[in-house]
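One structure below.
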Amino acid sequence: MANASRGPRCAPGVRVLLALSLGLMLIAPPQARAERADREKPLNLEADRVTIDDAKQTSLFEGNVVLTQGTTVIRGDRMEVRQDKEGFRYGTTWGNLASFRKKREGFDELIEGWAERIEYDGRAETLQLFNRARMKRGQDEVRGNYISYDAKSEFYQVIGGGAKAASATNPEGRVRAVIQPKPKEKPAASPPVTLKPAEAIATPREEAGPRTK
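Whatever position you read off the sequence shown (first residue = 1), add 408 for the numbering used here.
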């Protein structure tokens, strides 16, 4: 590690691949947390250029940034990672659009999000999406100008942007959500009717033959 008095260091011109022990994890409640095995896997960061400021404990990654840790993937044009004195990590990703994706624990589905800016607070365990924000879980989807998610309380907040967030498809900039109905459980099939054999079958009567004169 370089002396803390040094200024930022920059490594431009080549694609950078770092296996970092940053522990930067996207958040989710226990029943919807990213695969727990992800926590034990190395965190990898790829970028075209990285600037590291040891004094401020910050790292800036620029150019096609890709962060992966197990099933968690974050992509953006630029990403800044900071660590405080207590070891908590904070990350901000910018892009057009920046995105994240992770697999739900115990479910065969993904949680995905997109926004111009995505911020993660490791201390508060919150995730915030700014500008053209969109989150999707399975077939459910929500859109707004701002989305926040608190992992501790499992609380979502979605805010529209009004006129400043208006678009051709959403001229009022309102929040929009699509929530699919839960699939109905199919009723159990009725058991087939069992045919019981007759307890006794009567002996058929013999037909009388032709009478002789």
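Ideal Cβ placement from N, Cα and C applies to all residues, glycine included.
Legend entry - Any 3 or more C-beta pairs closer than 8 Å across the region 498 to 506 and the region 522 to 533: yes
Inset, instruction - State the DSSP-derived secondary structure class of residue 467, mapped to helix, strand or coil. - result: Taking the first residue of the sequence shown as 1, we reach residue 467 at position 59. Of the three classes helix, strand and coil, the one that applies to residue 467 here is strand, per DSSP.
Inset, instruction - Have a look at 568, 508, 494 and 495 and flag the residue whose alpha-carbon is nearest the alpha-carbon of residue 473. - result: For the purposes of this step, residue 473 is taken as the residue at position 65 of the sequence shown. Measuring from the Cα of residue 473, the nearest candidate turns out to be 508.
Legend entry - Rounded straight-line distance, which links the Cα of residue 568 to that of residue 451: As a position in the sequence shown, residue 451 is number 43, starting the count at 1. As a position in the sequence shown, residue 568 is number 160, starting the count at 1. Distance between the alpha carbons of residue 451 and residue 568: 34 Å.
Legend entry - Completely contained beta strand (DSSP E) runs for the region 469 to 544, where each covers 3 or more residues: 480 to 491, 497 to 511 and 518 to 529
Inset, instruction - Consult DSSP for residue 558 and reduce its assignment to one of helix, strand or coil. - result: Position 150 of the sequence shown, counted from the start, is the residue given in the question as residue 558. Three-state result, residue 558: strand.
Inset, instruction - For residue 546, I'd like the list of residues in its chain whose CB is within less than 7 Å of its CB, leaving aside the five on either flank, ordered along the chain. - result: Numbered from 1 along the sequence shown, position 138 holds the residue referred to as residue 546. The residues are 517.
Legend entry - Pick from 564, 531 and 532 that is closest to residue 543, judged by C-alpha positions: Within the sequence shown, residue 543 is the residue found at index 135, counting from 1. When only C-alpha atoms are compared, the closest one is 564.
Legend entry - Within 8 Å, strictly: CB atoms of residue 467 and residue 489: Working through the sequence shown from its first residue, we reach residue 467 at position 59. Working through the sequence shown from its first residue, we reach residue 489 at position 81. Contact: yes.
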